[in-house]
Amino acid sequence: RLRRGAVLTSVWGGGVMVVFALCVWAFGPAVIDLMTTSEEVRAEARIYLPWMIAAPVLGVASWMLDGIFIGATRTVDMRNMMIISAGIYAVAAWALVPAYANHGLWMALLISFIARGATLAVRYPALERAARA
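In terms of the working numbering, the sequence shown opens at residue 506 and continues consecutively.
Right, here's the structure in full:
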C-alpha cells in the first residue's frame, strides 16, 4: 500500500508541478506587474523568473517525499536528511553567492531541493521495508 500511495503521490505531484511551472512561465510577468508599478522592480523580478519556474520542477521530489515521511512519522529520517541537505545548501551558498550574487542564492536553494529529494529517496527503501514488517 505504501508503494501504491507513493506512486500515486508522485503522479499527482508531477502533474501539479508541470501545471504550476507552466503557470509561472505564462503568467509570471503579469503577476509581477500586479505586485508593483515600479519598472525597476518589475525588470529586476523578471530576471529571476526562470528560477521560479525551475523551483517546482526541481523541488517536487523533495516535497512529495516529505509528505510520505511525515505521514509515516519518520521524523528521525527527516531530521537527519535535512541536516545533510542544509549542509549541502550551506556549501553551495558559500561557493555560489560570492560569484553569482542572487543567482547563486537561487542555485543554492535549488541544489538544496535536489539534495533533500535525493537523501529522502535513499531512505525510502527502508521505509518500505518497515511498512511491510
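A virtual CB, placed ideally from N, CA and C, is assigned to each residue, including glycine.
According to DSSP, is residue i helix, strand or coil?
{"i": "Ala577", "result": "coil"}
{"i": "Thr541", "result": "coil"}
{"i": "Ala638", "result": "coil"}
{"i": "Arg506", "result": "coil"}
{"i": "Tyr553", "result": "coil"}
Cβ of residue i within 8 Å of Cβ of residue j?
{"i": "Ile537", "j": "Arg551", "result": "yes"}
{"i": "Leu570", "j": "Ala626", "result": "yes"}
{"i": "Gly518", "j": "Val565", "result": "yes"}
{"i": "Ala639", "j": "Ala623", "result": "Any question about residue 639 goes unanswered here, given that the chain covers just 506 to 638."}
{"i": "Ala631", "j": "Ile589", "result": "no"}
{"i": "Leu615", "j": "Ala560", "result": "yes"}
{"i": "Glu633", "j": "Arg508", "result": "yes"}
Here's the rule I'm using: 16 or more other beta-carbon atoms within 10 Å means buried, otherwise exposed. How should residue i be labelled?
{"i": "Tyr639", "result": "Residue 639 is absent from the structure shown; the chain starts at 506 and stops at 638."}
{"i": "Trp599", "result": "exposed"}
Return no unless some Cβ of chain B is closer than 8 Å to the Cβ of residue i.
{"i": "Ala600", "result": "Of the protein chains in the structure, only one exists, and it is not chain B."}
Review point. Below 8 Å, can you find three or more Cβ-Cβ pairs linking the region 553 to 566 to the region 584 to 592?
Key: no
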